[in-house]
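*Asks:* Here the sequence shown is numbered in this note's numbering, starting from 2 and rising by one per residue.
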Amino acid sequence: MDGSKTPVTAPVLILLGPPGAGKGTQARMLEDRHGLVQLSTGDLLRAAVAAGTEAGQRAKAVMEAGNLVSDEIVIAILRDRLAEADCAQGVILDGFPRTTVQAEALDVLLQANGQRINAAISLEVEDDAMVARISGRFTCGGCGEGYHDSFKPTAKPGVCDHCGGTEMKRRADDNAETVAQRLAAYHAQTAPLIDYYASQGALSRIPAMGAIDEIATALDSVVAQATA
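(1) For T167, I'd like the list of residues in its chain whose CB is within less than 7 Å of its CB, leaving aside the five on either flank, ordered along the chain.
(2) Assign Q39 to one of three DSSP states: helix, strand, or coil.
(3) Quick test of the definition: if touching needs 3 or more C-beta pairs under 8 Å, does the region 92-111 touch the region 134-150?
(4) Which of helix, strand or coil does DSSP assign to A121?
(5) Out of M169, K157, D128, V126, which has the shortest C-alpha to C-alpha gap to G147?
(6) Would G4 be called buried (16 or more neighbouring beta carbons within 10 Å of its own) or exposed?
(7) Can you name, in chain order, every residue of its own chain whose Cβ lies under 6 Å from the Cβ of C144, other than the five neighbours on each side?
(8) Per DSSP, S136 is paired with what?
(9) Could you tell me the alpha carbon to alpha carbon distance between Q112 and R172, rounded to whole angstroms?
(10) Closest to A89 by CA distance: which of R183, Q182, D214, A11 is it?
(11) Just verifying my parser: in three-state terms, what is the DSSP assignment at V223?
(12) Does K153 pass the burial test, meaning 16 or more other C-beta atoms within 10 Å, or should it be called exposed?
(13) Does the beta-carbon of T26 have 16 or more other beta-carbons within 10 angstroms, so that it is buried, or is it exposed?
(14) Hey, is G166's beta-carbon within less than 7 Å of any beta-carbon in chain C?
(15) Give the DSSP-derived three-state secondary structure of P193 in the structure shown.
(16) Going by alpha carbons, who is nearest to E73 out of A49, L83, L40, L107?
(17) Please say whether L194 and I122 have beta carbons closer to each other than 7 Å?
(18) Looking at Y197 and the ligand SAH, is the gap between the Cβ and the nearest heavy atom below 6 Å?
(19) Given a cut-off of 7 Å, decide if L83 and A209 are closer than it, judged by their beta-carbon atoms.
(20) Cα-Cα, which of T191, E65, D174 is closest to L46?
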């Protein structure tokens with residue numbers, strides 16, 4: 002982290018949506034098309050720990066003790082990351098904030114930088130459809146190719162179309178009961194952010210049950226307006 006300062010005009014976007022809504026996929030596509038930098042909490046923590054920054058050392062001590070990293074430390078790590086030169090074109094926050102308390106802390110940080118949330122984009126999905134979408138996922142253990150029981154089955158049952166492998170894997174938490182619990186947790190903790198950003202006039206809603214390219218086109222329009 003070289004200490005280069007980000008111009009205060011650098012836009013800040015947030016992607017909201019429940020697990021499986023496609024936030025990570027769309028964030029990576031926005032990086033490629035708009036020159037934005039995707040920032041996820043997990044990546045930020047790992048990078049700060051690896052770099053040995055002050056905040057990273059604090060985070061490492063907390064994690065090694067088996068505890069959750071506090072909002073204060075996450076904000077400190079985010080402050081350091083936003084100051085790096087590659088964030089000059091703007092960033093996409095994926096997975097943070099998760100609560101209104103975190104959102105308020107983020108606002109304070111951005112205001113100190115002369116920045117603001119340019120757009121909070123909510124990827125709108127249907128719970129029942131999300132349960133079906135996530136619980137049906139599986140991958141080839143050999144090459145990692147992704148499949149789905151209903152939407153993308155293998156041409157030959159149990160055999161990978163890509164490499165011919167026969168070892169298929171499913172994530173332990175990709176089952177209907179666990180997915181339903183994750184969605185309930187999202188609605189209880191994170192969905193209130195939708196009202197929070199709507200009250201600021203920063204919220205955009207995008208239907209996210211369609212094709213990836215269709216969702217990307219809708220996102221492009223919102224991002225273009227937010228970063229103009």
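Backbone N, C-alpha and C fix where the C-beta goes; we use that ideal spot for every residue, glycine too.
This one's a predicted model, so the numbers in the text were calculated from it and none came from an experiment.
*Replies:* From the atom records:
(1) G159, V160
(2) strand
(3) no
(4) strand
(5) M169
(6) Because G4 sits at a pLDDT of 46, beneath the cut-off of 50, its placement in the model cannot be relied upon, and the following sentence gives the value as read from the coordinates. With fewer than 16 other Cβ atoms within 10 Å, it is exposed.
(7) H163, C164
(8) None; S136 has no bridge partner.
(9) 40 Å
(10) A11
(11) helix
(12) exposed
(13) exposed
(14) In the structure shown, chain C cannot be found, because there is only a single protein chain.
(15) helix
(16) L107
(17) no
(18) This structure simply doesn't include the ligand SAH, nor any ligand for that matter.
(19) no
(20) E65
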